[in-house]
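All residue numbers for the sequence shown refer to my numbering, where the first residue is 8 and numbers rise by one. The C-beta atom is built at its ideal place from N, Cα and C for all residues, glycine as well. What follows is one structure encoded as C-alpha cells, with my remarks underneath.
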Amino acid sequence: MTQERPKDPLHGITLAMILEQLVAHVGWAEMGRVIPIRCFTHDPSLKSSLTFLRKTPWARAKVESFYLDRLDEIGSAASRSEDGGSSV
C-alpha cells in the first residue's frame, strides 16, 4: 500500500525552521516591512520572535503565509547553494 504525501505544505517544518529560512533569504528588514510586528522591526532576534509567534496565532499565520509565498524562491536558493552555486 502506498502512502500519500501530506497535503499540508508545512508538515514537518517547525516554526524555528521557517523563521531561520526567512531571515536567511529575505532578512529582518523585509520581514518587518511585509509583516509589521515589533519583534521584526525593533531589535529582532530568533528567540524573541519565536516566543511572540508561538503565543500569537494571527502573527504566526501571517509568517507561515509569507513563507509559503516565498517557498519557491527559498527552495531554489537552497538547491543552488547545495550544488556549489554552479549553473551548468
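Open item on the list: Residues in the same chain with beta-carbon distance under 6 Å from Phe-59, minus the five sequence neighbours each way, listed in chain order, please.
Closed with: Cys-46
Open item on the list: Trp-35 and Pro-51 - do their beta-carbons sit closer together than 7 Å?
Closed with: In contact: Pro-51 and Trp-35 (Cβ atoms closer than 7 Å).
Open item on the list: Helix, strand or coil, according to DSSP, for Val-95 in the structure here?
Closed with: Since pLDDT at Val-95 reaches only 43, below the 50 mark, its modelled position is unreliable, and the value read off the structure follows with that caveat. Here Val-95 sits in coil by DSSP.
- [ ] Run the CB neighbour count on Ser-94, radius 10 Å, all protein chains shown included, and call it buried at 16 or more, exposed below.
- [x] Below a pLDDT of 50, predicted positions are generally treated as unreliable, and Ser-94, at 48, falls in that range; no measurement from the model is reported.
Open item on the list: Considering just the uninterrupted stretch of the alpha helix (DSSP H) at Val-30, what are its terminal residues?
Closed with: 22-32
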